[in-house]
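Residue numbers (my numbering): 17 to 428.
Glycine is no exception: its CB is placed at the ideal position from the N, C-alpha and C atoms.
The structure presented is a predicted model; accordingly, all values stated were derived computationally and were not measured.
These notes concern the structure reproduced below.
See the structure below:
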């Protein structure tokens, strides 16, 4: 004989709960689709916003890196009469080669203005004394690495290379404004210009530089050529390309690299350390998009709770019948929680795929590189389940609190 005071155990296992939850959802496909769609939108919005935040932050970093100063300048210090001040130190002829041996230097080249110019610059060997005087271009010397160091661009032709420098070739590269002034419009026919009575073959035209803008108005010859034929006595300035963040370290090293006897005899200008603005801006972008994503996710959770509560009201008869045939309060609650969890899982999986697809398509359309953490996919699916479970707790509690007799009467 059964003891009426014996606590009734749940006859439904985990498998039964899951099966009942699936059947309960499958019996209402329209509601299942609409509720899952809300979760899809919530999870998809979260994934998309986080993906946009990561991708946008990467683009912000790339823009910052593109405009961050990576240029350094070294020249002899100004002559100071102060007591104890270091005397100026001349740049060595191989200053560019010495600089490139330092870690953090990507390229280097020297540049020197020949002032006064060693002769008149013309594009014709015949000098007409009766002709009206014209403005003369500046004559400058350079080494092969200078074009990269000043971020220059060739309009046509080639730049001075190691062959020209080592053999002191009589070649010249013209700044674009100097080329117009001299009437040199093409270099494929190897035009010549004259500095005094010495001829130089024009091999290229520079039309853009980010630093040392005077190059665009100048006739540029190899440093070794100027040393041999134009009376150059010392290099004037050393321009260096610097890796991000290497400026402060190079400031203390490059003087010693150029002159161990007088390292403080140079005026060194290096880019400052990276500002915290980039990191702060990236964090702000991430925070903003993350908040938007969680708002969308919260809306999805509230929707699950509302739909589940409506389902409890509509399924009172079913709940009463299950309780009458032996289902415990825990089994009823577990079924509704399981239904909400399944809705969250479906929405999480589909939403993750949709969010990833949106980020990828949008980034490719903008020419960006999509950035999305792989761990986010797993986290989004788990988040969908968690949201589903939390959203289903209150409706499950209401369903479990219904008395069988009352539920059967109200559900008929």
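For residue i, which residues of its own chain have a beta-carbon under 6 Å away from its beta-carbon, when the five flanking residues on both sides are left out?
{"i": "residue 407", "result": "317, 320, 321 and 356"}
{"i": "residue 480", "result": "Given that the chain is displayed from residue 17 to residue 428, the structure contains no residue 480 and the question cannot be resolved."}
{"i": "residue 386", "result": "71, 375, 376 and 379"}
{"i": "residue 191", "result": "222, 231, 232, 233 and 234"}
{"i": "residue 238", "result": "176, 180 and 181"}
{"i": "residue 195", "result": "221"}
{"i": "residue 211", "result": "135 and 137"}
Helix, strand or coil: how does DSSP classify residue i here?
{"i": "residue 92", "result": "strand"}
{"i": "residue 170", "result": "strand"}
{"i": "residue 238", "result": "strand"}
{"i": "residue 414", "result": "helix"}
{"i": "residue 244", "result": "helix"}
{"i": "residue 307", "result": "helix"}
{"i": "residue 383", "result": "coil"}
{"i": "residue 286", "result": "coil"}
{"i": "residue 148", "result": "Reliability of the predicted coordinates at residue 148 is poor, the pLDDT of 47 falling under 50, and the value obtained from them is presented with this limitation in mind. Looking at residue 148 - three-state DSSP - the assignment turns out to be coil, as it is neither helix nor strand."}
{"i": "residue 120", "result": "coil"}
{"i": "residue 138", "result": "strand"}
{"i": "residue 259", "result": "coil"}
{"i": "residue 107", "result": "coil"}
{"i": "residue 252", "result": "coil"}
{"i": "residue 128", "result": "strand"}
Whose C-beta lies closer than 8 Å to the C-beta of residue i among residues of the same chain, with five residues either side of it excluded?
{"i": "residue 259", "result": "86, 120, 121 and 122"}
{"i": "residue 413", "result": "349"}
{"i": "residue 269", "result": "118"}
{"i": "residue 108", "result": "114, 251, 274 and 275"}
{"i": "residue 156", "result": "127, 128, 129, 130, 230, 231, 234, 235, 236 and 237"}
For residue i and residue j, what's the separation of their Cα atoms in angstroms?
{"i": "residue 255", "j": "residue 271", "result": "13 Å"}
{"i": "residue 97", "j": "residue 127", "result": "Since pLDDT at residue 97 reaches only 48, below the 50 mark, its modelled position is unreliable, and the value read off the structure follows with that caveat. So the two alpha carbons sit approximately 27 Å from each other."}
{"i": "residue 168", "j": "residue 89", "result": "15 Å"}
{"i": "residue 115", "j": "residue 231", "result": "22 Å"}
{"i": "residue 389", "j": "residue 348", "result": "38 Å"}
{"i": "residue 360", "j": "residue 375", "result": "22 Å"}
{"i": "residue 117", "j": "residue 74", "result": "31 Å"}
{"i": "residue 208", "j": "residue 93", "result": "37 Å"}
{"i": "residue 395", "j": "residue 226", "result": "46 Å"}
{"i": "residue 409", "j": "residue 415", "result": "10 Å"}
{"i": "residue 60", "j": "residue 264", "result": "44 Å"}
{"i": "residue 366", "j": "residue 393", "result": "10 Å"}
{"i": "residue 248", "j": "residue 185", "result": "15 Å"}
{"i": "residue 52", "j": "residue 397", "result": "13 Å"}
{"i": "residue 183", "j": "residue 104", "result": "30 Å"}
{"i": "residue 358", "j": "residue 266", "result": "59 Å"}
{"i": "residue 399", "j": "residue 289", "result": "40 Å"}
{"i": "residue 200", "j": "residue 251", "result": "27 Å"}
{"i": "residue 136", "j": "residue 154", "result": "10 Å"}
{"i": "residue 162", "j": "residue 383", "result": "32 Å"}
{"i": "residue 198", "j": "residue 130", "result": "18 Å"}
{"i": "residue 429", "j": "residue 187", "result": "An answer regarding residue 429 cannot be provided, because it is not within the stretch 17 to 428 covered by the chain."}
{"i": "residue 133", "j": "residue 189", "result": "16 Å"}
{"i": "residue 171", "j": "residue 205", "result": "15 Å"}
{"i": "residue 283", "j": "residue 111", "result": "14 Å"}
{"i": "residue 69", "j": "residue 203", "result": "49 Å"}
{"i": "residue 215", "j": "residue 139", "result": "9 Å"}
{"i": "residue 280", "j": "residue 373", "result": "57 Å"}
{"i": "residue 354", "j": "residue 405", "result": "7 Å"}
{"i": "residue 402", "j": "residue 362", "result": "12 Å"}
{"i": "residue 244", "j": "residue 166", "result": "25 Å"}
{"i": "residue 125", "j": "residue 257", "result": "9 Å"}
{"i": "residue 178", "j": "residue 158", "result": "11 Å"}
{"i": "residue 364", "j": "residue 45", "result": "18 Å"}
Should residue i be labelled buried (16 or more other beta-carbon atoms within 10 Å of its own) or exposed?
{"i": "residue 240", "result": "buried"}
{"i": "residue 352", "result": "buried"}
{"i": "residue 326", "result": "exposed"}
{"i": "residue 174", "result": "exposed"}
{"i": "residue 160", "result": "buried"}
{"i": "residue 38", "result": "exposed"}
{"i": "residue 368", "result": "buried"}
{"i": "residue 307", "result": "exposed"}
{"i": "residue 411", "result": "buried"}
{"i": "residue 64", "result": "buried"}
{"i": "residue 285", "result": "exposed"}
{"i": "residue 287", "result": "buried"}
In chain order, what residues of the same chain have a beta carbon less than 7 Å from the beta carbon of residue i, not counting five sequence neighbours either side?
{"i": "residue 106", "result": "92 and 250"}
Scan the segment 153-241 and note each continuous beta strand (DSSP E) run of 3 residues or more that stays entirely inside, going in chain order.
The qualifying runs are 154-158, 169-173, 187-191, 208-211, 214-224 and 234-238.
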